[in-house]
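Colleague: Quick one: the structure is below, and I'll ask about it shortly.
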Amino acid sequence: MSEIIQSSKVSTITKTNDFVVKFANVNGSGSASANSMFAKAIFRMGIPVSPHNIFPSNIQGLPTWYEVRINEDGYLGRREGVDLMIAMNEQTIGKDIDSVLPGGYVLYDSSKVLANELLRDDVNYLPIPLKDICLREFEKPAQRQLFKNIVYVGALSAFLNIDFKVLTGMVSDQFKGKEKLIPPNVHALELGHHYATENFACPLALRLKSSNKNKNKILIDGNTAIGLGCVYGGATVASWYPLTPFTSVVDSFGKYCKRLRIDAGTGKRKYSIIQAEDELAAIGMAIGAGWNGARAFTATSGPGISLMQEFLGLAYFSEVPVVLFNIQRTGPSTGMPTRTQQGDLISCAYASHGDTKHVLLFPATPKECFEDAASAFDIADRLQSPVILMSDLELGMNEQSCEDLHWDDKRDYDRGKVLNAEQLEEIERYGRYLDSDGDGIPYRTYPGTHESKGSYFTRGSSHDAYAAYTEDGNVYAEVMDRLTLKMKTALNFIPEPVISSSDGNKLGLVYLGTTQSAIQEVLDGLAKKGVSIDTMRIRAFPFHDSVIDFINNHDLVYVIDQNRDAQLKSLLKIECNASEDKMHSILNYNGVLITAEQIETAVLDSMSEIENSEGVSA
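Residue numbers (our numbering): -13 to 604.
Here it is, written out as C-alpha cells:
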C-alpha cells in the first residue's frame, strides 16, 4: 500500500461532516456533472451541503472552480480556506494548492510529475494517475476526458467514506432511458474507488458519516424555483432575451409548462414563451400581455435592467401589472457576467426617469424564490404596477438545501380591482385612474369586457383620472400623489422584515438576500466572543415602518452590502431618513458570496476602533 505524500511537519486536519472540498477544473472539460454528483451524493447521505460554482464567461478553456461546503450544523455560507483540493487545472494549480489549509489534502493527477515548487511541507498529497487509468480503460478520447472526472469522484468516495451505493444509484437515475451509459460510468467510479483503497489508508482523517439533517429538504437552485413559482402563480406569458445568469429561469418555466400547462383534451399549449430581439422588446411584450389581462413576466440581469428603464416607467405611470425577475451579476457595464453581486438595488427601486418607484422582493432561499415568484403576480395585479424580484447569481445558479416546496391546488389568484361587464353596466362614467377607495389603486378592465363601456386609451403621457391627456400641472400632481399613496398601500401586500432582537441590545445587523447564508454562523461566532447583536433581514422595498424602528432602537447598526457603493445603506438614508452616524457599512464586491469570517471580522474591528476612539477621547 502506498502512503500519502506528506512530511513530518504535517498536522493532519481531522474532521467529520465539517469541511470544504474544492474542485479546480478547466471549463468545458465535463467536470460539472461529476462535481455535482459528488455534492448530491453527500446530500443524499443526509448531510447538509452547499455547492458554489465559480465559472468563467467563456464556453471552454478557462479555469473553473466548484466549492462544496459540508457542515453538520447547517453553516452553509462560503467559508475561507480549503480542506481538500481536487487540483485538475495546470493553469491554476499553484494558487489552488496555496489555498489549502495546513494539514489539508491535495488530490492531483500523478500521470505527470508534480513540480517541486508545488510541494508544500504542511499539506498531504493524494497522487492518482487519472490520465493513465483512463488511457488504459477507455478507447475513445472523449470518454477518457469525461471519465477522468468520474474516476476522481470514485476515489473521493473511498477517501471520504461516501456511500458507494448512493453514487451508483445516482448514475442509474441520471441515465434513465439511456441505460447503455450506466455501466461505463459505474466502471469509472469503481476504478477510482479501487485505486484509492488499494494505495491509501481509507478513509482519510476528513470523512463523512451518514446523518438525518436533510429530512423534508430538497436540493434546488433559485432559478428553477422561480420558474416553478411562475407556473404556480398563474403566469402564462414569458418574453425574454438570453443573458447570463437568468436564462435558466425561462428554461425552467418552459420545462414545467410542458407538464402542467397542456390542455388535456386537445394537447394544445396554454402558455406562450417568446424570445424577443432584445431586452426592450421583451419587457414591452410582457407589459402588453399584462395590459390584456395575462399574467406575464420577463427576466434579465443588470445590463437588461439598464435597457428596460423607459418601459418600466411606462408600466408604472400607465399602471399595468408586470413581473420582472432580476438575477443580479457583477457590473457595471458587462462587468463579470458569471460572478454574483447585489448591485442593482437603486437602479431597480427607482427604475426609469422622473419620480418613479417600484416594489422589490428580496428572497434569500430557493423556497422563498418559489413563494415570492408566485406572490409577485398577485402583488402586481393588486397594485397594477411592476414588481421586481431581486435574486442574484449565487442564489439563482447554485443548488441549495431548502425546505420542500408546497403546492396548494386550492390556491386562488388575487387579480385585484378588475371590473366585469355587469359592474361596468352600473357605472355611468368609467374613470380608469379614479381613486374610489382612497388607497391609491384605481379599477381596471380587461380589453373587450363590455361592448361599449370600460374602454380607455393607455398612455405614458400625463393624464387625468379618466385617462384623458392633460398638461395641467395640478392634475398631474394629483396623479403623482395618488401613485405615492399606492406605494404606501403596497406595504399591506409585501413581506415584512425578519427581525431577531433581545431587550437591551444596542448593536444591530441589517442585510438582505443571499447574505442570509452567513448570518447564523456570524451570530454564533460573535456570541463565543461575548458579543450579542440583533438582526434584521429586509424582505421587500418600499420599507415598512419596522425597518426605521429597528435602526432607531439601536446605537450602532451594521449594514451589509454586496456592492461597492453601499446601496442598501443609501436606500435606508433616502427612504427612512436613517442617520448616517449610526449606520456602519460592511461591503463585499469581489464577485463571490460574502463569508461569515468577513462579517465577523468587520464587526469586531469596528467595535475595537470605537473603543479605542472613546478611550482616546476620555
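Note that the Cβ used here is the ideal one computed from N, Cα and C, for glycine as well.
List the DSSP bridge partners of residue 379.
Modeller: For this step, residue 379 is matched to residue 393 along the sequence shown. Partner(s): none; residue 379 has no beta bridge.
Colleague: Report all residues from its chain with a CB closer than 6 Å to the CB of residue 115; omit the five preceding and five following residues, and keep chain order.
Modeller: In the sequence shown, residue 115 corresponds to position 129, counting from 1. Once the five neighbours on either side are set aside, the close Cβ partners of residue 115 are 96 and 97.
Colleague: Any idea what DSSP makes of residue 606, helix, strand or coil?
Modeller: Shown here, the chain extends from -13 to 604; a query on residue 606 therefore has no answer.
Colleague: Could you check what DSSP says for residue 606 in three-state terms: helix, strand or coil?
Modeller: Because the chain in this structure spans residues -13 to 604, residue 606 falls outside the shown range and cannot be described.
Colleague: In angstroms with no decimal places, state the Cα-to-Cα distance between residue 383 and residue 316.
Modeller: Your numbering for residue 383 matches position 397 in the sequence shown. Your numbering for residue 316 matches position 330 in the sequence shown. Taking the straight line from one Cα to the other gives about 14 Å.
Colleague: Mapping the DSSP letters down to three states, classify residue 588 as helix, strand or coil.
Modeller: Along the sequence shown, one-based indexing puts residue 588 at 602. If DSSP states are grouped into helix, strand and coil, residue 588 belongs with the helices.
Colleague: If we call anything under 8 Å between Cβ atoms a contact, is residue 42 one with residue 206?
Modeller: Here residue 42 corresponds to residue number 56 of the sequence shown, with the count starting at 1. Here residue 206 corresponds to residue number 220 of the sequence shown, with the count starting at 1. Not closer than 8 Å, so no.
Colleague: Please work out which residues of its chain come closer than 7 Å, Cβ to Cβ, to residue 348, disregarding the five sequence neighbours upstream and downstream, and give them in chain order.
Modeller: Reading the sequence shown from its first residue, position 362 is the one you call residue 348. Once the five neighbours on either side are set aside, the close Cβ partners of residue 348 are 376, 498, 499, 524, 525 and 526.
Colleague: Going by DSSP, what residue range makes up the alpha helix (DSSP H) through residue 180?
Modeller: For this step, residue 180 is matched to residue 194 along the sequence shown. 168 to 185 is the extent of the alpha helix (DSSP H) around residue 180.
Colleague: Might you give, ordered along the chain, the residues of its own chain that have their beta carbon closer than 8 Å to the beta carbon of residue 6, omitting 5 neighbours on each side?
Modeller: Here residue 6 refers to the residue found at position 20 when the sequence shown is read from its first residue. Answer for residue 6: 53, 54, 55, 56, 65, 67, 68, 69 and 70, listed in chain order.
Colleague: Once you ignore the five residues that flank residue 468 on each side, which residues in its own chain have a CB closer than 7 Å to its CB?
Modeller: By 1-based counting over the sequence shown, the position of residue 468 is 482. Counting only Cβ-Cβ distances below 7 Å, and skipping sequence neighbours, we find 421 and 426.
Colleague: I need the straight-line Cα distance from residue 208 to residue 326, nearest angstrom please.
Modeller: The residue you call residue 208 lines up with position 222 of the sequence shown. The residue you call residue 326 lines up with position 340 of the sequence shown. Between residue 208 and residue 326, the C-alpha separation is close to 13 Å.
Colleague: Could you tell me which whole beta strand (DSSP E) segments of length 3 or greater appear in the stretch 272 to 360?
Modeller: You should have 282 to 286, 308 to 314 and 345 to 347.
Colleague: Tell me whether residue 523 sits in a helix, a strand or coil according to DSSP, three-state version.
Modeller: Locating residue 523 in the sequence shown gives position 537, where the first residue counts as 1. Strand.
Colleague: Just curious, the beta strand (DSSP E) that residue 91 is in, first and last residue?
Modeller: Translated into positions along the sequence shown, residue 91 becomes position 105. Residue 91 -> beta strand (DSSP E) spans 86 to 95.
Colleague: My parser needs the alpha helix (DSSP H) runs of 4 or more residues fully inside the stretch 448 to 512; what are they?
Modeller: Entirely contained in the stretch 448 to 512, the alpha helix (DSSP H) runs reaching 4 residues are, in chain order, 459 to 475.
Colleague: Whole angstroms are fine: how far does the CA of residue 559 sit from the CA of residue 487?
Modeller: Locating residue 487 in the sequence shown gives position 501, counting from the first residue. Locating residue 559 in the sequence shown gives position 573, counting from the first residue. Each residue's Cα considered, the two are about 22 Å apart.
Colleague: Is the CB of residue 567 under 8 Å away from at least one CB in chain B?
Modeller: Here there is only one protein chain, and chain B is not present.
Colleague: Compute the distance between the beta-carbons of residue 477 and residue 520, then report whether it is under 8 Å.
Modeller: Stepping through the sequence shown from its first residue, residue 477 is reached at position 491. Stepping through the sequence shown from its first residue, residue 520 is reached at position 534. No, they are not a contact pair.
Colleague: Could you give the distance in angstroms between the alpha-carbon of residue 528 and the alpha-carbon of residue 566?
Modeller: Position 542 of the sequence shown holds residue 528. Position 580 of the sequence shown holds residue 566. Rounded to the nearest angstrom, the two C-alpha atoms are 19 Å apart.
Colleague: For my contact list, residue 363 and residue 219 are in at a C-beta cut-off of 8 Å; report their separation, rounded to the angstrom.
Modeller: Residue 363 sits at position 377 when you count from the first residue of the sequence shown. Residue 219 sits at position 233 when you count from the first residue of the sequence shown. Right, the Cβ-Cβ distance comes to about 4 Å (below 8 Å), so this counts as a contact.
Colleague: In chain order, what are the residue ranges of uninterrupted alpha helix (DSSP H) at least 4 long that sit wholly in the stretch 52 to 136?
Modeller: Listed in chain order, they are 79 to 84 and 116 to 123.
Colleague: Excluding the five sequence neighbours on either side, which residues of its own chain have a C-beta within less than 6 Å of the C-beta of residue 410, listed in chain order?
Modeller: Numbered from 1 along the sequence shown, position 424 holds the residue referred to as residue 410. Around residue 410: 436, 439 and 440.
Colleague: Could you pull out every residue in the same chain whose Cβ sits closer than 7 Å to the Cβ of residue 584, ignoring the five residues on either side in sequence?
Modeller: Position 598 of the sequence shown, counting from 1, holds the residue named residue 584. 574.
Colleague: Excluding sequence positions up to five away, which residues of its chain have a Cβ less than 7 Å from the Cβ of residue 303?
Modeller: What you label residue 303 is simply residue 317 of the sequence shown in a count that begins at 1. Same-chain partners within the cutoff: 446.
Colleague: Could you tell me which residues DSSP pairs with residue 544 in its beta bridges?
Modeller: Against the sequence shown, residue 544 aligns to sequence position 558. Paired residue(s): 495 and 570.
Colleague: May I ask which residues mark the beginning and end of the beta strand (DSSP E) holding residue 388?
Modeller: Position 402 of the sequence shown, counted from the start, is the residue given in the question as residue 388. It spans 385 to 389 - the beta strand (DSSP E) in which residue 388 sits, taken as one unbroken run.
Colleague: Does DSSP classify residue 537 as helix, strand or coil?
Modeller: Looking up residue 537 in the sequence shown gives position 551. If DSSP states are grouped into helix, strand and coil, residue 537 belongs with the helices.
Colleague: Since residue 119 contacts residue 177 with CB under 8 Å, what's their CB separation in whole angstroms?
Modeller: As a first step, residue 119 is located in the sequence shown; it is residue number 133 there, counting from the start. As a first step, residue 177 is located in the sequence shown; it is residue number 191 there, counting from the start. About 6 Å; that satisfies the 8 Å criterion.
Colleague: Below 8 Å on the Cβ atoms is my contact criterion, and I expect residue 312 with residue 287 to pass it. Report the Cβ-Cβ distance as a whole number of Å.
Modeller: For the purposes of this step, residue 312 is taken as the residue at position 326 of the sequence shown. For the purposes of this step, residue 287 is taken as the residue at position 301 of the sequence shown. Right, the Cβ-Cβ distance comes to about 6 Å (below 8 Å), so this counts as a contact.
Colleague: For residue 336, which residues of its own chain have a beta-carbon under 8 Å away from its beta-carbon, when the five flanking residues on both sides are left out?
Modeller: Within the sequence shown, residue 336 is the residue found at index 350, counting from 1. 342, 343 and 344.
Colleague: Cα separation between residue -1 and residue 581?
Modeller: If you number the sequence shown from 1, residue -1 lands on position 13. If you number the sequence shown from 1, residue 581 lands on position 595. Rounded to whole angstroms, residue -1 to residue 581 spans 21 Å at the Cα level.
Colleague: Looking only at C-alpha atoms, which of 340, 203, 320 and 314 sits nearest to residue 329?
Modeller: Here residue 329 refers to the residue found at position 343 of the sequence shown. For the residues 340, 203, 320 and 314, the minimum Cα distance to residue 329 belongs to 314.
Colleague: Does the structure place the stretch 177 to 188 close enough to the stretch 134 to 148 that three or more beta carbon pairs sit under 8 Å?
Modeller: As far as the Cβ criterion goes, the stretch 134 to 148 touches the stretch 177 to 188, which means the pair count is three or higher.
Colleague: Flag this pair as yes or no: are the beta carbons of residue 586 and residue 512 separated by less than 8 Å?
Modeller: Taking the first residue of the sequence shown as position 1, residue 586 is located at position 600. Taking the first residue of the sequence shown as position 1, residue 512 is located at position 526. Yes, they are a contact pair.
Colleague: At what residues does the alpha helix (DSSP H) containing residue 224 begin and finish?
Modeller: What you label residue 224 is simply residue 238 of the sequence shown in a count that begins at 1. Unbroken run through residue 224 is the beta strand (DSSP E), 223 to 226; no alpha helix (DSSP H).
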